[in-house]
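Number 439 marks the last residue of the sequence shown (the numbering used here); no jumps.
A short write-up of the structure that comes next.
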Amino acid sequence: MSLEELYKYLRWRMDPKDEGARKRFQRIVEVAKKLALPENERILDICAGTGIAGVAFALATNASKLTVLDARGDDLEKVNEWIKISGRDVPVDKVVGDARSVHELVGEHDIAVLWGLTMPHFDAFDAVKLFASVALTLSKEGYFIIEETDRVYGIMYMVGYKDFLVESEGEGYQLASVHSGYDKGRGAFKRTYYKLPGFEKVTEEYHRLWDLASQLAIGSIFFREYKLFERFQHGVQGVSDVIVFRKPRKNVAEEMVHSPSSTF
């Protein structure tokens, strides 16, 4: 299995042709409506994949514009399929690039969405860059919305960190990850992925096991208002906790982006 095949398999939950993904799309629309966001706004979907969440929020809020951003351009092409499924014809821009520099890649938006439990891809310092960059991208009353879960509680306490873990299964094979180290400076665990049977190495990845409080705390630096909607509050099965930030502190974000701290 190549790295390309791995990503293709792991992203099946966002494929418009998948029945489970279409059900997931409807759940995102339902949650987006419950957030009671302003309508006719400009939506930015960060780490968008196929754009499933961006289109869902565009449908729920009757958005005037949608921008989808991801490091992988091939996935972004599927956003048009989601737009067709939604029945809501919204103008869309597709941008390939790094989410940590989103303010350099797109213009002003009103609602930014980071959906799909994506935060483990960002270490502690990456998260600061991400939040600052998003804050600079948003309008004065802008929203930053994140779907996440508390991995410190869910993994470390409820389950226990596993040295060896079967991550997923495909036709005739399994994908397993093995603990390969921990970077204290980044606060990130290193996992090596193997295809079974045969123990064929696929890739190595670093993951930050975020808790919700840390994300809320970082976000409170760059936004004036924040709120946590836990699963039991929104009540939509298949959707995790949702964090909502509002009113970016652009002066703080500007300083962070243009004069970042450094070691001495």
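Quick reminder that beta carbons are idealized off the backbone N, C-alpha and C, glycines included.
If we call anything under 9 Å between Cβ atoms a contact, is L251 one with A223? Here residue 251 refers to the residue found at position 76 when the sequence shown is read from its first residue. Here residue 223 refers to the residue found at position 48 when the sequence shown is read from its first residue. Between L251 and A223, the C-beta gap is smaller than 9 Å, which places the two residues in contact.
Let me confirm a value: P213 is counted as buried when at least 16 other C-beta atoms fall within 10 Å, else exposed. Which label applies? Here residue 213 is taken as the residue at index 38 of the sequence shown, counted from 1. Exposed, because fewer than 16 other Cβ atoms sit within 10 Å of the Cβ of P213.
Tell me which residues share the same chain as D285 and place their Cβ nearer than 6 Å to its Cβ, disregarding the 5 neighbours each side in the sequence. Numbered from 1 along the sequence shown, position 110 holds the residue referred to as residue 285. Closer than 6 Å at the Cβ level, and outside the excluded window around D285, lie E216, R217, S314 and G317.
Ignore the nearest five residues each way along the sequence and tell me which others in G330's own chain have a CB closer than 7 Å to its CB. Here the question's residue 330 lines up with position 155 in the sequence shown. Checking the sequence, you will find Ile at residue 330 rather than Gly. Here the set comprises Y336 and L384.
T378 - partner residues in DSSP beta bridges: Here residue 378 refers to the residue found at position 203 of the sequence shown. Answer by DSSP bridge pairing, in chain order: Y368.
Write down the C-beta distance between V419 and F397 rounded to the nearest angstrom, noting that I regard them as a contact closer than 8 Å. Residue numbering aside, residue 419 sits at position 244 when the sequence shown is read from its first letter. Residue numbering aside, residue 397 sits at position 222 when the sequence shown is read from its first letter. The beta-carbon distance between V419 and F397, rounded to whole angstroms, is 13 Å. This is too long to meet the 8 Å contact definition.
Would you give the residue range spanned by the beta strand (DSSP E) that S437 belongs to? What you label residue 437 is simply residue 262 of the sequence shown in a count that begins at 1. Note, S437: premise wrong, no beta strand (DSSP E); not H, not E.
Less than 9 Å between the beta carbons of G291 and M189, yes or no? In the sequence shown, the residue the question calls residue 291 occupies position 116. In the sequence shown, the residue the question calls residue 189 occupies position 14. Yes; because the gap between Cβ atoms is below 9 Å, this pair is in contact.
At what residues does the beta strand (DSSP E) containing Q408 begin and finish? Counting from 1 along the sequence shown, the entry for residue 408 is found at position 233. First-last for Q408: R406 to H409, but that is the alpha helix (DSSP H), not the beta strand (DSSP E).
What three-state label does DSSP hand P266 in the structure shown? Counting from one through the sequence shown, the residue named residue 266 turns up at place 91. The answer is coil: DSSP assigns P266 none of H, G, I, E or B.
Where the beta strand (DSSP E) through L241 begins and ends: Within the sequence shown, numbered from 1, the residue matching residue 241 stands at position 66. Per DSSP, L241 belongs to the beta strand (DSSP E) from K240 to D245.
In the structure shown, what three-state DSSP assignment does S389 receive? Within the sequence shown, the letter at position 214 stands for residue 389. Helix at S389.
Using only the alpha-carbon positions, how far apart do E205 and A307 sit? Against the sequence shown, residue 205 aligns to sequence position 30. Against the sequence shown, residue 307 aligns to sequence position 132. C-alpha separation (whole angstroms): 28 Å.
May I ask you to verify whether the region 295 to 303 touches the region 228 to 247, counting CB pairs closer than 8 Å and requiring at least 3? no
E205 lies in the beta strand (DSSP E); which residues open and close that run? As a position in the sequence shown, residue 205 is number 30, starting the count at 1. Counting along the chain, E205 falls outside any beta strand (DSSP E), though it belongs to the alpha helix (DSSP H) covering E194 to K209.
Looking at the secondary structure, which residues open and close the beta strand (DSSP E) in which D249 lies? Mapped onto the sequence shown, residue 249 falls at position 74. Unbroken run through D249 is the alpha helix (DSSP H), G248 to L251; no beta strand (DSSP E).
Where V271 and I320 are concerned, what is the direct C-alpha to C-alpha distance, given to the nearest angstrom? On the sequence shown, position 96 is the one that residue 271 refers to. On the sequence shown, position 145 is the one that residue 320 refers to. Distance between the alpha carbons of V271 and I320: 20 Å.
Contact belief for A236 with A274 at Cβ below 8 Å, rounded distance in angstroms: Counting from 1 along the sequence shown, the entry for residue 236 is found at position 61. Counting from 1 along the sequence shown, the entry for residue 274 is found at position 99. Correcting the residue type first, residue 236 is Thr in the shown sequence and not Ala. The Cβ separation is near 21 Å, so there is no contact.
Please report the straight-line C-alpha distance between E179 and T367, rounded to a whole angstrom. To locate residue 179, count along the sequence shown from 1; it is residue 4. To locate residue 367, count along the sequence shown from 1; it is residue 192. Any reading at E179 must be qualified, since the residue scores a pLDDT of 48, below 50, and its modelled position is unreliable; the value itself is stated next. When rounded, the distance between both Cα atoms is 16 Å.
Residue(s) in a DSSP beta bridge with D190: Counting from one through the sequence shown, the residue named residue 190 turns up at place 15. In the DSSP output, where bridge partners are listed per residue, D190 has none listed.
Taking the continuous beta strand (DSSP E) assigned at F420, which residues delimit it? Taking the first residue of the sequence shown as 1, we reach residue 420 at position 245. Its beta strand (DSSP E) spans residues D416 to P423.
D285, enclosing beta strand (DSSP E) - first and last residue: As a first step, residue 285 is located in the sequence shown; it is residue number 110 there, counting from the start. Residues H284 to L289.
Which residue from L289, S389 and S276 puts its Cα closest to that of Y328? Here the question's residue 328 lines up with position 153 in the sequence shown. The shortest C-alpha separation from Y328 is found at S389.
Going by the DSSP bridge assignment, what does K402 pair with across the sheet? As a first step, residue 402 must be located in the sequence shown, where it is residue number 227. By DSSP's assignment, K402 forms a beta bridge with V419.
Which of the three DSSP states, helix, strand or coil, is assigned to Y328? As a working note, residue 328 is residue 153 in the sequence shown. It is helical.
So for K315, helix, strand or coil by DSSP? Translated into positions along the sequence shown, residue 315 becomes position 140. Strand.
Does the Cβ of S434 have 16 or more other Cβ atoms within 10 Å, making it buried, or fewer, making it exposed? Counting from one through the sequence shown, the residue named residue 434 turns up at place 259. Exposed, by the Cβ-count rule.
Could you give the distance in angstroms between the alpha-carbon of E430 and the alpha-carbon of E194? By one-based count along the sequence shown, residue 430 stands at place 255. By one-based count along the sequence shown, residue 194 stands at place 19. Answer to the nearest angstrom: the Cα atoms are 45 Å apart.
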